[in-house]
Amino acid sequence: MGSSRSGLHLLLISIVAALALSVPIINVEAAVGDDDDASVFFVDSPSSTHRFLRTRHCSSQTPPHSFSPSEVGAAISVLLGFAPPASLSPHTSSKLNHLLSPNPFHRPRAVLALHVEGIHGDEQLLKEHLRDTQVRNLLPDSGSAEIEIPDQDDISVVSLDESLDSECDAACMDNKLQYLAQWLGGSYIPSATEPLAGELIVTLGSGSTVNLHMSKKADKDFVVSIVTLVHNFRKAMEIHEDILRNIQKPAELLNGRFTGIQELLQQYGHDAVAQQGKELFLSALTKLINSVQDTYQGQIVGVLIFKEKPYPESGSMLNVKFSSHHMLRRLDEFVGAANTTSVAEVLLVRRTLAWLTGIILIISTLIGIYFLLNMPLTKDTLLYSNVKLD
């Protein structure tokens, strides 16, 4: 009986061990969940004198905090030099304290915020291109990152999504493709029959060569999106040069969304072409960030959100929101200016009253001076003039 019971125990132990071995062990620090398909990269200044993020030591045993979209928006607001939202929880404040520099007066007041769709799970590839970064998992959330700004006059917002369709035709785009190819160390072979139908050839850092044919819609949309991004980056740097000449220097936000990789994924899936497209985009993005850092002399921080799935709403995950009192003031101005006739009438009445009041004051002053100078010297007048009589 004892031998049979011990045999049963051994059988149960072996079954439990087999079940344990069949279950994969999940590292909690690396895997947050199946729905966690986004990461946020905070790119610090490469200069040792301009460090706006805390340095995370490799020996630290505590995993980095995951950020929600609203917490990313709060971090951007603080980096721009504005106060965080009043509804900020103590837990979120602790996250920001572990991420940002402890000196509240040491802020870049310039942020490059870019939402990139179609890239996730390539963290090693991202780290190879983007150095001086702090990586955080982005918690699954359908909301957006609201960047709260007190007043529109306090910030210069430059969109990186402006299309080139209205200012650049096919021949112009061919010239920009020539420049892009040279800038990336590749070549562009234009078509002899029609414009914007050539082939872009670039050798990547991994050693592979990517060939993108502009006659294919997916390839064309992807390459044109990179050309547009480069154009908008350069326009943002020109605006920054203009701001430096002004006496008042507002905070600067470069905000945009890149969806070109989604075109390759929809056409090719996750094959070699899409992977090469990701590497090509990251190479271009790295060069753009380096150019921006040089233009801003290190006084800018990049906040890059990489999300594999498309954003559920039409628009970017990063949205600028102005304070309520500013919006109410703008609403009053809009409502007041809606009826131009009534505004003209009010202005006419106010100007008429102002002129009448001024004329009456001038006449009264002149009359008073006249009677004062021609006043007879009697007992009453001297008394009114504060002259003491003996």
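When you line the sequence shown up against mature numbering (1 follows the signal peptide of the UniProt record, and there is no 0), it's residues -22 to -1, 1 to 368, in that order.
Beta carbons are placed, not taken as given, at the ideal position from N, Cα and C, and that holds for glycine.
Nothing here was measured: the structure is a model prediction, and the numbers come from that model.
For H69, the number of other beta carbons within 10 angstroms of its own is below 16, and it is reported as exposed.
For the pair T273 and M215, the CB atoms are nearer than the 9 angstroms cut-off. Under the Cβ criterion (8 angstroms, minimum of three pairs), the segment 61 to 78 does not count as touching the segment 139 to 154. Residue burial is scored here from C-beta neighbours: L222 has fewer than 16 other C-beta atoms within 10 angstroms and is therefore classed as exposed. Around the Cβ of K73, a 10 Å sphere holds 16 or more other Cβ atoms; the residue is buried. With distances taken between CA atoms, L117 lies nearest to H43 out of G59, I133, H43 and C146.
For G247, no alpha helix (DSSP H) encloses it, and the DSSP letter there is neither H nor E. Across the structure, V135 and L58 are spaced so that their CA atoms are roughly 11 angstroms apart. About 18 angstroms separates the beta carbons of I217 and I125, which is beyond the 8 angstroms limit, so they are not a contact pair.
For the set I267, V321, K198 and I338, the Cα lying nearest the Cα of F19 is the one of I267.
Listed in chain order, the non-local C-beta contacts of P288 below 7 angstroms within the same chain comprise E95 and Q240, local neighbours out to five positions each way being set aside. In this structure, L155 is the residue among D131, L155, I133 and Q130 with its C-alpha nearest to the C-alpha of L142. Between K256 and L162, the gap from beta carbon to beta carbon reaches 9 angstroms or more. Note that the segment 81 to 95 does not touch the segment 318 to 333; fewer than 3 beta-carbon pairs, one per stretch, sit closer than 8 angstroms. Going by DSSP, E219 is part of the alpha helix (DSSP H) stretching over K195 to L222. Residue state for I97 is assigned as coil, using DSSP reduced to three classes. Here the C-alpha atom of I204 lies approximately 34 angstroms from the C-alpha atom of P63.
Runs of the alpha helix (DSSP H) lying entirely within the segment 26 to 76, each at least 4 residues long, are 47 to 57 in chain order. Distance from the CA atom of K194 to the CA atom of V208, rounded to whole angstroms, is 21 angstroms. In the displayed model, S79 falls within coil according to three-state DSSP, outside both helix and strand.
Contact annotation: the segment 168 to 179 does not touch the segment 226 to 239, with fewer than three C-beta pairs closer than 8 angstroms.
Per DSSP, reduced to three states, the secondary structure at G346 is helical. Non-local C-beta neighbours of P228 in its own chain, meaning closer than 6 angstroms and more than five positions away in sequence, comprise D132, I133 and S134, ordered along the chain. As the crow flies, the alpha-carbon of S65 is around 22 angstroms from that of V281. DSSP, read as helix, strand or coil, puts N189 in strand. Bounds of any beta strand (DSSP E) do not take in N352, whose DSSP letter is neither H nor E. Excluding its 5 nearest sequence neighbours in each direction, F30 has C-beta neighbours in its own chain below 8 angstroms: D22, S23, L57, L78, S79, H84, R85, P86 and V279, listed in chain order.
Its Cα nearest to that of A88, the residue V270 stands out among T206, F45, P173 and V270. Ranked by how close their Cα comes to the Cα of Q244, the residues N233, E286, L260 and T206 have E286 in first place.
Contact between H93 and L296 holds, since their C-beta atoms are separated by about 5 angstroms, short of 8 angstroms.
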